[in-house]
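Here is the structure we will look at.
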Amino acid sequence: MAALNPRHAWAPTRGAPTGALGSQGDEQMLYFVEQCLNGVQLGMLLFLLAAGLTLIFGIMDLVNLAHGSLYMLGAYFAATFAAVTGSFVLGALLALLATAASGMVLEVIAIRPLYGRPHLDHVLGTFGLILFFNDLVRRIWGPDGMTLSLPSEMLRAFQILPGVYYPLYRLVIILVTLAVAALLYLLVMRTRLGMLIRAGASNREMVGALGINIKLLYTLVFGLGASLAGFAGLMQAPILTVQIGMGENILILAFVVIVIGGIGSIRGAFVAALIVGLLDTLGRAFLPDLLRAVLSTDAALTLAPALSSMSIYMLMATVLVIRPEGLFPAASR
Amino acid sequence: MRVLIKSWLLGTTALALLTAAADAPATAQQKTIKIGFISTFSGPAAAIGKDMRNSFELGLDQVGRKLGGMPVEVIYEDDQIKPDVGVQKTKKLIESDHVDFIVGYIWSNVAVASLKPLVDSKTITVITNAGASEIAGPMCSPYVFSTSWQNDQTPAAIGTYMNEKGVKTAFLMGPNYIAGKDMLHGVQSTFKGKIVGQELTRWPDQLDFSAELSKAREAKPDAIFAFYPGGAGIQFITQYAQSGLKGQIPLYTAFTIDDLSLPRLKDLAIGVPGAQNWVNDLPNDANKKFVADYKAKFHTSPSFYGADTYDAVALLDSAVTAVHGNLSDKEGMRKAMEKADIKSVRGDFKFGNNHIPIQSFYLQDAGKNADGSYALHTVSLIVKNDQDKYHTQCPMK
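From first to last, the protein sequence lines stand for chains A and B. Everything in the first sequence is counted per this note's numbering, starting at 1 for the first residue and increasing by one. Everything in the second sequence is counted per this note's numbering, starting at 1 for the first residue and increasing by one.
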């Protein structure tokens, strides 16, 4: 074993009784750091999806179930453009533009008639769009799915701290998403468009009465939301591959995030996405070992995945009871 | 007079035709055999269902779309990877379509959920992929056959191979459903080293294995074993490579790299061994014909899902032929099928008392062809004529 893993030759195996207590404790700490990074990475992905969702929900009062379809479109565009151009980065940029354009066209054609109607109509209409997009993708790209391959230099782990190795690409996701979050913050808090978006979130009628072109604002916001979803999809594509319906499961988590964070609040989406990402990942990482202390191995193995996925919904229920508006309620409407 | 004779002839001919038409449904030669086929035809796993259907259709075409001389009609149903949908479709095939046979089932949990209606209605069933230990053991049935395996067998073979490679410690991973648990038990039944960690992940919605791969890295095993069927295999192998573990900790697999995922995994699959009861290059005549005809018709390589489904056609043909088309003679058909008197694409095999094949398992690996395409190859025989360990729990003799 030592021969296979020279860098670990000095370290005791986890659970082995030998070895200095200090080094084992350090190692546990480093392992914890690595799992936290995994949680942050999932959180970042959820933030990208939830930010678009919460913008659209908060400002346009639209429940958009088809947000996951835009996530899927982003991934398909990226896989296609990367294959055509031969460059991952160029493919990603083109895919981002294509998803934003698709989102704006979608808003003009299919979303506009839904404004001002009850939420149930939104749910039905955008659910129909999910079916439409799944079938459209099947017709264009076929049923088998696609692969977006990373450049080979990305296929390695990066030593972020002595002894902590982390997959390079996941590190890139964390850093790029943090940059996007910062840009989004600047856009919303420091620009005229951002001011209109915030104004639209707190009082839509007043913004319209002041002579702002609400139609155009809505199209732009929807395009922004679409490109965030598409960005999440294309960043995740090399990890999860590109498949029809890939956005549906993750969208449920994104809805949980915006409910916890407070609908319409980007800051809330960011904090809630981190909490949900960490809770899910740390649950998966540590719950099986904790349960094994009290249950048989088989029972612990079976129960742990179920419990860790439940934990997110329990958190949501708790937040809804204590703070029904979410952790960071947007300005009162 | 001539007119009279003519009209009399016409009349009798017409009458004869009428009676013949009325008799038609009663004669065995005209009856159509109805086969219900359950697999997954939607979502990411639809690629598996397509391969199974293609192979079944190819098999039927090769026998003139007749079993024992009787024409065949197949009704395909989609289980959507959901046990509740699978059992509902199974009941529909039995109760409203009145099928004579049911074939298919990819997922062990879907097969186990569907077992009761199959057994209660005494529908002769050929499971062509799922290999739940329950069906091999206490829930075995005279009417249920498998052309695949019991889940523990393939990982048990890879466990044997890990011993041969001198692996001393291993970390095991699989999805949290019946098959995943069977697979992890399977490796442990033959692997002589120490298990330093094992994980079951949410199924089928968890596609990101970051936390589990970090655990595997931290446990510092000599090797990782993984079972991730269908699209999940692509995600797992990709993330294993992205995590940088590929150069550090070797991976051993069961049902994770197949002919369907290989064109998408490409280089990532190279150097990752797996065990299998069938590989596309097995040198027997039945297999050569199957692979060549499949490639000619569908322009792609068949997978093990298809191969085991293809064998179901021959098995059903042997049953209907043995009873001369009398489909109510279930005992006769069962006895004929138990002989496994067919030319299987895996080579000859026998059925155990629990109707699970006693068969050989091979080591396979992925290679790149001269033309840039990828293919799976047989490396060696790992275990010959292996019988699953649950057959002793099956009350059938």
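For every residue, glycine included, the Cβ atom is placed at its ideal position computed from N, Cα and C.
Backbone secondary structure at residue i - three-state DSSP
i: K192 (chain B); result: coil
i: K122 (chain B); result: coil
i: Y362 (chain B); result: strand
i: T201 (chain B); result: strand
i: S39 (chain B); result: strand
i: L376 (chain B); result: strand
i: I244 (chain A); result: coil
i: F304 (chain B); result: helix
i: K34 (chain B); result: strand
i: Y185 (chain A); result: helix
i: L207 (chain B); result: coil
i: M406 (chain B); result: Past the edges of chain B, shown from 1 to 397, lies residue 406 (chain B), and the structure says nothing about it.
i: A269 (chain B); result: helix
i: M396 (chain B); result: coil
i: T302 (chain A); result: helix
i: M139 (chain B); result: coil
i: F349 (chain B); result: coil
i: Y337 (chain A); result: This structure cannot speak to residue 337 (chain A), because chain A is shown only from 1 to 333.
i: G367 (chain B); result: strand
i: I109 (chain A); result: helix
Cutoff 8 Å; reference residue i; Cβ partners in own chain excluding five residues on either side
i: L118 (chain B); result: T90, I94, I102, T125, S141, Y143 and V144
i: V99 (chain B); result: K34, I35, G36, I75, L93 and T123
i: I214 (chain A); result: G200, R204, V207 and G208
i: N163 (chain B); result: T190, F191, K192 and G193
Exposed unless 16 or more other CB atoms sit within 10 angstroms - verdict on residue i
i: Q35 (chain A); result: buried
i: Y377 (chain B); result: This sequence places His at residue 377 (chain B); Tyr is not what is there. Exposed, by the Cβ-count rule.
i: A136 (chain B); result: buried
i: I322 (chain A); result: exposed
i: E153 (chain A); result: exposed
i: E107 (chain A); result: buried
i: D386 (chain B); result: buried
i: Q198 (chain B); result: buried
i: D369 (chain B); result: Looking at the sequence provided, one finds Asn at residue 369 (chain B) rather than Asp. Classification for N369 (chain B): exposed.
i: V291 (chain B); result: buried
i: N249 (chain A); result: exposed
i: G233 (chain A); result: buried
i: I109 (chain A); result: exposed
i: L175 (chain A); result: exposed
i: D23 (chain B); result: With a pLDDT of only 46 at D23 (chain B), under 50, the local geometry of the prediction cannot be trusted, and the value read off the model is given with reservation. It counts as exposed.
i: G25 (chain A); result: exposed
Rounded Cβ spacing between residue i and residue j (contact assumed at less than 8 Å)
i: G64 (chain B); j: Y310 (chain B); result: Actually they do not touch by this definition, with Cβ atoms about 16 Å apart.
i: I260 (chain A); j: G326 (chain A); result: 6 Å
i: A219 (chain B); j: V167 (chain B); result: Not confirmed; about 14 Å, so no contact.
i: D332 (chain B); j: G68 (chain B); result: Note on identity: in this sequence residue 332 (chain B) is Gly, with Asp being the wrong assignment. G332 (chain B) to G68 (chain B), Cβ: 11 Å. No contact.
i: A157 (chain B); j: A275 (chain B); result: 4 Å
i: L240 (chain A); j: L207 (chain B); result: 5 Å
i: Q62 (chain B); j: F361 (chain B); result: Wrong, their Cβ atoms sit about 26 Å apart, outside the cutoff.
i: V276 (chain A); j: L46 (chain A); result: 6 Å
Neighbourhood of residue i by C-beta distance below 7 Å, restricted to the same chain and skipping five residues each side
i: A66 (chain A); result: T126, L129, I130 and F133
i: N129 (chain B); result: Y105, I106, S148, Y305 and D308
i: N353 (chain B); result: H391, C394, M396 and K397
i: T236 (chain B); result: In the sequence on display, residue 236 (chain B) carries Phe and not Thr. F209, A226, Y228 and T256.
i: R7 (chain A); result: Note that R7 (chain A) scores a pLDDT of 39, beneath 50, so its modelled location is shaky; the value from the coordinates is reported in the next line. Correct list: empty, nothing qualifies.
i: G194 (chain A); result: L187 and V188
Test: residue i CB closer than 8 Å to a CB of chain D
i: G245 (chain A); result: This model lacks chain D altogether, as its protein chains are A and B.
Neighbourhood of residue i by C-beta distance below 6 Å, restricted to the same chain and skipping five residues each side
i: N64 (chain A); result: I56 and T126
i: A304 (chain A); result: L287, P288 and L291
i: A92 (chain A); result: A78 and L234
i: I342 (chain B); result: A314, L315 and S318
CB of residue i within 8 Å of CB of residue j, strictly
i: G247 (chain A); j: G68 (chain A); result: yes
i: E212 (chain B); j: R284 (chain A); result: yes
i: G352 (chain A); j: L30 (chain A); result: Because chain A in this structure spans residues 1 to 333, residue 352 (chain A) falls outside the shown range and cannot be described.
i: V271 (chain A); j: F328 (chain A); result: yes
i: P456 (chain B); j: A111 (chain B); result: Because chain B is modelled from 1 through 397, residue 456 (chain B) falls outside the range shown and cannot be assessed.
i: A229 (chain A); j: G52 (chain A); result: yes
i: A254 (chain B); j: P155 (chain B); result: yes
i: Q28 (chain A); j: R170 (chain A); result: no
i: Q80 (chain B); j: L150 (chain A); result: no
i: T147 (chain A); j: R264 (chain B); result: yes
i: R138 (chain A); j: I244 (chain A); result: yes
i: I195 (chain B); j: A170 (chain B); result: yes
i: T32 (chain B); j: E73 (chain B); result: yes
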